[in-house]
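K.L.:
For reference, the structure I am asking about is given below.
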Amino acid sequence: MSYPHSTFFAASEDDTRALARDLAQAMRGLLPASSVIYLEGDLGAGKTTFSRHFIQSLGHTGAVKSPTYTLVEPYELDAVSVYHFDLYRLADPEELEFMGIRDYFSDKTLCLVEWAEKGAGCLASADLVISIAIEGEGRRFQVQAKTLHGSKCLQHCKRI
């Protein structure tokens, strides 16, 4: 089955914030179903920046820290538990099994995963894959649905 995809160019961080807000609003409409989003892109592409705006758009009012050294940062919100993963420093996917990775991908959870390829074989499949590429001073977001759930999210997103 083929699922939709779309692109969005963010000329500024404000544009990235707007895209994150729209995707969060679309995802919020599908809660409490669990969701998995993979974020792809080179170092400095904006994966953590997007994640920060996305998590804050879901209702988190505090700081959103990069989980580069902790591997995961949890955010407990009213309707969902959000887990932000950064697997850049992961040496072996088996480390994820030791930390109980499967427990994070359960009902009423939304998981954002940076560097998902480093956890291959141990992660839940993505509903959405967001690839971010640097283009001049801006960022090109390629958003691809991988499941029916991800497809519904894209259908409800205004910007893409």
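Our numbering puts the first residue of the sequence shown at 6, with every later residue one more than the last. Beta carbons: idealized from backbone N, C-alpha and C, even for Gly. This one's a predicted model, so the numbers in the text were calculated from it and none came from an experiment.
List in chain order: all unbroken alpha helix (DSSP H) runs of 4+ residues lying wholly within the region 80-131.
P.N.:
Qualifying alpha helix (DSSP H) stretches, in chain order: 99-103 and 106-109.
K.L.:
If distances are taken between C-alpha atoms only, which option among CYS116, THR152 and CYS158 comes closest to GLU81?
P.N.:
Minimum Cα distance to GLU81 is reached at CYS116.
K.L.:
Buried or exposed, going by whether 16 or more other CB atoms sit within 10 Å of the CB of LEU153?
P.N.:
Exposed.
K.L.:
Determine the direct distance from the alpha carbon of VAL87 to that of LYS113, and round the result to whole angstroms.
P.N.:
Cα to Cα, LYS113 sits roughly 9 angstroms from VAL87.
K.L.:
Apart from the five residues just before and just after ARG129, which ones in its own chain have a Cβ nearer than 6 angstroms to its Cβ?
P.N.:
Going by the sequence as given, residue 129 is Ala instead of Arg. VAL41 and PHE110.
K.L.:
From the DSSP output, in three-state form, read off GLY143 for me.
P.N.:
Strand.
K.L.:
Am I right that LEU44 and CYS158 are in contact with their C-beta atoms under 8 angstroms? What's the rounded C-beta distance?
P.N.:
Actually they are not in contact, since the Cβ atoms of LEU44 and CYS158 sit about 15 angstroms apart, beyond 8 angstroms.
K.L.:
Quick check on THR174: does DSSP put it in helix, strand or coil?
P.N.:
Outside the displayed range of the chain (6 to 165) lies residue 174, so it cannot be described from this structure.
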